[in-house]
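Asks:
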Amino acid sequence: CCLTIRGCLWKGSEPTLYLFAANVFSYLFLFVVLAVYLNQCWWPVEDVVKTADPSRDGLISVQTFGERIVLFVLNYIIFGMLEGSSANDAFFLPHSATECAKILWRNGEAVAFYSVKMKGSLCDGTTSQCYLLPVLDTIFVRRKYRRSGLGMKMLDDFCQSFVAEDALGISCPISAAMYQVCQKFLQTYPEEQKRLWEVEAPGDWSQRVNIWLKIQMERAHIVSFWKCSEECYRANCSHAFPHLSCFVLAWGPSVETLLFILSAASHRRVKSEFSPRLGSSEAIIFMFLML
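For the sequence shown, counting from 1, position 191 maps to 192 in the working numbering; every step adds exactly one.
1. Quick check: the Cα distance between G204 and L133, rounded to an integer number of angstroms?
2. On the three-state DSSP scale, how would you describe T139?
3. Does the distance from the C-beta atom of V200 to that of S172 stay below 8 Å?
4. Do the segment 117 to 127 and the segment 71 to 79 touch if we need at least three Cβ pairs shorter than 8 Å?
5. Measuring only the C-alpha atoms, how far is S149 from I61?
6. I'd like the list of long-range same chain contacts for E84, defined as Cβ closer than 7 Å, with 5 residues on each side in sequence excluded.
7. Under the three-state reduction of DSSP, which class applies to F114: helix, strand or coil?
8. If we count the other Cβ atoms within 10 Å of its Cβ and call it buried at 16 or more, is K103 buried or exposed?
9. Kindly indicate which three-state DSSP category F248 falls into: helix, strand or coil?
10. From G315 to W43, what does the alpha carbon distance come to, in whole angstroms?
11. Can you check which of these residues, S56, L105, V112, R57, is closest to E47 by C-alpha distance?
12. Is V74 near V50, with beta carbons less than 8 Å apart?
13. How far does the beta strand (DSSP E) with L60 in it extend, from its first residue to its last?
14. Considering only residues of the same chain and omitting the five flanking positions on each side of C101, which have a CB-CB separation below 7 Å?
15. Need the endpoints of the beta strand (DSSP E) that I171 sits in, please.
16. In whole angstroms, what is the alpha-carbon distance linking R107 and S56?
17. Can you tell which of M82, D58, L39 has the C-alpha that lies nearest to the C-alpha of I70?
18. Would you call the CB atoms of I212 and L197 closer than 8 Å?
19. Where does R144 sit, in a helix, a strand or coil, going by DSSP?
20. Excluding the five sequence neighbours on either side, which residues of its own chain have a C-beta within less than 7 Å of the C-beta of D54, listed in chain order?
21. Between L156 and V182, which are expected to be in contact by the criterion C-beta below 8 Å, what is the C-beta distance as a whole number of angstroms?
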């Protein structure tokens with residue numbers, strides 16, 4: 002079973018692109034895009050992201066209509082439908098017609114891209130809020146080109162494009178793979194550790210978390226887990242456990258706050274599971290050793 006799908010070339014536009022898809026598992030209604038209709042002709046997806054121009058090499062800003070089509074295919078089709086199968090992958094909406102983006106070309110093929118929300122640009126079409134700092138909004142490397150330093154290359158290019166800025170953002174949430182890239186990058190370029198922040202739009206200070214600090218906090222080893230009854234927790238464990246000092250970690254989305262709320266003395270081991278909430282019948286107490 003095959004069908005033709007009309008797609009939006011960019012966010013907010015009319016459907017202007019036709020995609021040819023085949024139902025590979027009819028009982029699951031799972032369709033795979035096979036071709037894109039351009040210039041009155043059907044093109045295989047892989048051909049759309051290739052070029053015969055030898056000058057296209059490295060990171061090149063997206064400017065022409067053809068480059069916008071390549072960006073759309075990389076983002077919406079290759080990442081969104083063909084290669085973004087991991088549950089840990091982010092999901093990117095189609096870029097706007099004026100999105101600031103760069104495509105990474107290698108050996109005549111578009112293999113990666115990243116896009117930036119410029120400082121002063123509108124956060125979206127429904128608010129008057131503007132970004133307070135440049136923000137790396139989307140980034141993607143094709144599966145067969147991963148683990149070759151392209152993520153670091155694009156992150157470095159982003160930082161070098163805004164050398165005059167005191168703070169740069171990466172859109173929240175950051176995937177686990179991107180955190181690994183950030184960690185390696187910040188270890189290689191320690192001068193950037195104070196500049197890179199995980200941000201929510203528009204990027205006010207209350208909406209920023211320093212990425213290097215967050216990485217260091219997440220590297221802290223949880224050496225033991227304890228639990229005590231709710232009654233013991235309410236009584237501050239003063240009778241049953243008079244000598245042990247414990248900590249409760251309030252681990253929110255930004256991993257910012259350690260609350261020192263309890264003193265205890267003895268403890269019982271529990272299985273290594275993390276629960277950020279205190280239940281009605283027990284409190285989970287965490288002892289952290291910061292490296």
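Ideal Cβ placement from N, Cα and C applies to all residues, glycine included.
Replies: To lay it out plainly:
1. Residue numbering aside, residue 204 sits at position 203 when the sequence shown is read from its first letter. Residue numbering aside, residue 133 sits at position 132 when the sequence shown is read from its first letter. Put simply, the backbone Cα of G204 is about 6 Å away from that of L133.
2. Within the sequence shown, residue 139 is the residue found at index 138, counting from 1. The answer is strand: DSSP assigns T139 an E or B state.
3. Stepping through the sequence shown from its first residue, residue 200 is reached at position 199. Stepping through the sequence shown from its first residue, residue 172 is reached at position 171. Against a cut-off of 8 Å, the Cβ pair of S172 and V200 comes out as a contact.
4. Counting C-beta pairs with one atom in each stretch, the segment 117 to 127 and the segment 71 to 79 have fewer than three that are closer than 8 Å, which means they do not touch.
5. For this step, residue 149 is matched to residue 148 along the sequence shown. For this step, residue 61 is matched to residue 60 along the sequence shown. Roughly 19 Å between the two C-alpha positions.
6. In the sequence shown, residue 84 corresponds to position 83, counting from 1. Answer for E84: R143, R144, listed in chain order.
7. Within the sequence shown, the letter at position 113 stands for residue 114. F114 falls in the strand class under three-state DSSP.
8. In the sequence shown, the residue the question calls residue 103 occupies position 102. Around the beta-carbon of K103, 16 or more other beta-carbon atoms lie within 10 Å, marking it buried.
9. Taking the sequence shown and counting its residues from 1, one reaches residue 248 at position 247. Confidence at F248 is low in this model, with a pLDDT of 39, below 50, so the placement of that residue should be treated as unreliable; the coordinate-derived value is given next. In this structure, F248 counts as strand in the three-state DSSP scheme.
10. Shown here, the chain extends from 2 to 292; a query on residue 315 therefore has no answer.
11. To locate residue 47, count along the sequence shown from 1; it is residue 46. Closest by alpha carbon: V112.
12. Along the sequence shown, one-based indexing puts residue 74 at 73. Along the sequence shown, one-based indexing puts residue 50 at 49. Yes, these two residues count as a Cβ contact at 8 Å.
13. Position 59 of the sequence shown, counted from the first residue, corresponds to residue 60. Judged by DSSP secondary structure, L60 falls within the beta strand (DSSP E) whose first and last residues are 59 to 62.
14. The count along the sequence shown starts at 1 and reaches residue 101 at position 100. So the qualifying residues of the chain are S116, V117, M119.
15. Translated into positions along the sequence shown, residue 171 becomes position 170. Counting along the chain, the beta strand (DSSP E) containing I171 begins and ends at 169 to 172.
16. Within the sequence shown, numbered from 1, the residue matching residue 107 stands at position 106. Within the sequence shown, numbered from 1, the residue matching residue 56 stands at position 55. About 10 Å.
17. Along the sequence shown, read from residue 1 onward, the residue named residue 70 stands at position 69. The shortest C-alpha to C-alpha distance from I70 to any of M82, D58, L39 is the one to L39.
18. The residue given as residue 212 occupies position 211 in the sequence shown. The residue given as residue 197 occupies position 196 in the sequence shown. Yes, they are a contact pair.
19. Here residue 144 refers to the residue found at position 143 when the sequence shown is read from its first residue. In the displayed model, R144 falls within a helix according to three-state DSSP.
20. The residue labelled residue 54 in the question sits at position 53 within the sequence shown. So no residue of the chain qualifies.
21. Working through the sequence shown from its first residue, we reach residue 156 at position 155. Working through the sequence shown from its first residue, we reach residue 182 at position 181. Rounded, the Cβ-Cβ distance is 6 Å, consistent with contact.
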